[in-house]
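Notes to accompany the following structure.
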Amino acid sequence: MDKNTLFSSFGKWIAPICTRTFTDWITETQQDKYVKKLTTAAYLKLFLHAQLQGREGLRHIADDVLCKAFQRELGLTSISAAQLSRKHKQVDSELLQQVFERLVKRIFTTYRAPAHRSKIKLIDSTTVALCLQKYKWATFRKTKAGIKLHMRLAFVGEEDVIPEKATLTNARKNDRTQLDELVDEPGVTYVFDRGYIDYSAFNRYCNNKIYFVTRLKSNAFVEPMEAFEIPQGSSIHADMLVRVGSQQKKMKNLLRMVQTEDSQGNLLFLITNRFDLTCDEIGDMYRSRWAIETFFKWMKQHLRIKHFHGQSDRAVYNQIWIALIAFCLLLLVKLETKVNHSLLQLSRWLTKLMWQPYAEWLQRMKQKPSRVSLGRRRKTT
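Just so we're aligned, residue 1 is where the sequence shown starts under full-length UniProt numbering, counting upward by one.
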């Protein structure tokens, strides 16, 4: 990184990815073999910058290189939209996934979740809609195209969550095909919806001390074995030992079924292999899933994954990985500076102070409101 931009706000923001490890990955995967101008490092900086600025077209990204400070950061004086397009569909998506996963590890060395939240992981997926005419490779219905982002999220506070692991598939892929990719750690409780129901996998999890809480499908086979006592004053309707599965194939391991209600008063039938918690704790654990829905809503509103800079599958996947990298970089700044401002506010200040010394961005993040507005005063006579 150029000495003139090393301590710029932008330079500080991207510092966690400007490492020897990243350089070694590029060398090992031969990403820059025969490259003379637009290196993978420069490409990543350009598209991270585009995430911050909300750029919707490659020409807009190319025009950003007119900024002298950005030229010094990139080691470029110009670039064309065509060069950006070629590079965007050439960079290996697995490389960007590695960058994302390394940032996640760094986040968890910086911040520890509350003890009662540290062993809970949330799993869900969201569909990113695409134009059928432009993205025929992503067709999943007669009139629709799209991809699925399957995620495992972990708590970094009482309610806040961050993406810990992710996979990308065509939207037609069934959620349960990704379950084993996201469930891999004994001693952790994974919370997910009924789209991930897989009784064969559940037997393995029981045998390997991997815990889960999920909701039963309406057509599931349930054989009651024993009813447990419900504490007085509990909102739980039923708590029992059951055998579940389908009519053709039942699980070998017995599970616990807790019957509760959602916020609209609808009955929920939850199954779990956690027998050490109270029935109310099981219900609360499942209801914590709302945090992942909140995250998906925030992600679609504030990360640039609606307008894509290429039509190939790799170009689309790369942009999503870069969006997740941008999120992690902002979160790292927030955790390291211990400020209470939202990520959106940090991002806004960064776009305004991008090429100013990092000290100015830090000062703004640390600054408290100078006054509290009292609103419009009524004139007195």
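We put the beta carbon where it would ideally sit given N, CA and C, even for glycine. Please read these numbers as outputs of a predicted model, since none were measured by experiment.
Taking 6 angstroms as the limit between beta carbons, can you name the residues of its chain near residue i, skipping five residues before and five after?
i    : result
Y196 : D175, R176 and L179
V156 : Y111, A113 and I162
K12  : Y358
S246 : F221
T272 : V213, R256 and I282
V339 : M365
How about residue i and residue j: are their beta carbons less than 7 angstroms apart?
i    : j    : result
V65  : L76  : yes
L153 : I292 : yes
E181 : T169 : no
H88  : H309 : yes
L122 : R289 : yes
Y317 : S125 : no
A81  : L58  : yes
K134 : V188 : no
W137 : D276 : no
Just how far apart, CA to CA, sit residue i and residue j?
i           : j    : result
F100        : Q232 : 47 angstroms
T40         : V91  : 7 angstroms
R72         : S8   : 12 angstroms
L254        : R243 : 5 angstroms
R204        : M225 : 21 angstroms
F296        : W349 : 23 angstroms
A62         : F47  : 10 angstroms
A15         : A201 : 40 angstroms
Q363        : A326 : 21 angstroms
E159        : M151 : 17 angstroms
R86         : V191 : 40 angstroms
R274        : K142 : 42 angstroms
S234        : D284 : 12 angstroms
K37         : Q83  : 9 angstroms
L374        : Q367 : Low confidence applies to L374: its pLDDT is 48, below 50, so where it sits in the model is not reliable, and the reading given next is rough at best. Their Cα atoms are separated by approximately 20 angstroms.
I230        : T278 : 9 angstroms
D198        : L353 : 49 angstroms
K300        : Q30  : 33 angstroms
N219        : R194 : 11 angstroms
K3          : F10  : Caution applies to K3, whose pLDDT of 45 falls short of 50 and renders its modelled position unreliable; the model cannot decide the point.
residue 398 : L96  : The structure shown has nothing for residue 398, since the chain only spans 1 to 381.
H49         : A323 : 10 angstroms
L74         : E28  : 21 angstroms
M365        : Y34  : 42 angstroms
K68         : Q319 : 25 angstroms
I79         : I26  : 21 angstroms
T21         : W298 : 30 angstroms
T19         : M240 : 53 angstroms
K144        : G54  : 25 angstroms
R304        : M251 : 43 angstroms
For chain B, find out if any of its Cβ atoms is closer than 7 angstroms to the Cβ of residue i; answer yes or no.
i    : result
K297 : In the structure shown, chain B cannot be found, because there is only a single protein chain.
What are the start and end residues of the alpha helix (DSSP H) that includes residue i?
i    : result
I107 : S93 to T110
A227 : Counting along the chain, A227 falls outside any alpha helix (DSSP H), though it belongs to the beta strand (DSSP E) covering F221 to A227.
I325 : D313 to T337
R72  : K68 to L74
T351 : L343 to K352
Y358 : Y358 to K366
R86  : A81 to H88
D180 : L179 to L182
Looking only at its own chain, which residues have a Cβ that is under 7 angstroms from the Cβ of residue i, when we skip the five neighbours before and after it?
i    : result
S347 : L52 and L330
L335 : I107, T110 and Y111
F140 : G146, N170, A171 and R172
F269 : R215, L216, M257 and Q259
L343 : L330, L331 and K334
E56  : H307
Q321 : According to the sequence displayed, residue 321 carries Trp and not Gln. Excluding sequence neighbours, W321 sits near S93, L96, Q97 and F100.
From what residue to what residue does the beta strand (DSSP E) around residue i run?
i    : result
Q259 : L255 to E261
H150 : K144 to F155
S125 : I120 to L130
E56  : Per DSSP, E56 belongs to no beta strand (DSSP E) and is neither H nor E.
G245 : A238 to G245
N207 : No beta strand (DSSP E) holds N207; the alpha helix (DSSP H) holding it covers Y199 to N207.
A166 : V161 to N170
T27  : Counting along the chain, T27 falls outside any beta strand (DSSP E), though it belongs to the alpha helix (DSSP H) covering R20 to E28.
R289 : Unbroken run through R289: none, as it is neither H nor E.
F212 : Y211 to R215
F10  : From DSSP, F10 is part of no beta strand (DSSP E) but of the alpha helix (DSSP H) over S9 to I14.
V191 : T189 to F192
F140 : T139 to R141
Could you pull out every residue in the same chain whose Cβ sits closer than 8 angstroms to the Cβ of residue i, ignoring the five residues on either side in sequence?
i    : result
L267 : H237, Q259, T260 and E261
N208 : P186
L103 : P16, I17, I325, C328, L329 and L332
W361 : S9, K12, W349, L350 and L353
Say yes only if the C-beta of residue i is nearer than 6 angstroms to one or more non-hydrogen atoms of the ligand COA, and no if none qualify.
i   : result
L66 : By its list of ligands, the structure shown contains no ligand whatsoever, and the ligand COA lies outside what it can speak to.
Give, in chain order, every unbroken run of the beta strand (DSSP E) that is at least 3 residues long and sits entirely within the segment 258-287.
As far as the segment 258-287 is concerned, its whole beta strand (DSSP E) runs of at least 3 residues are 267-272.
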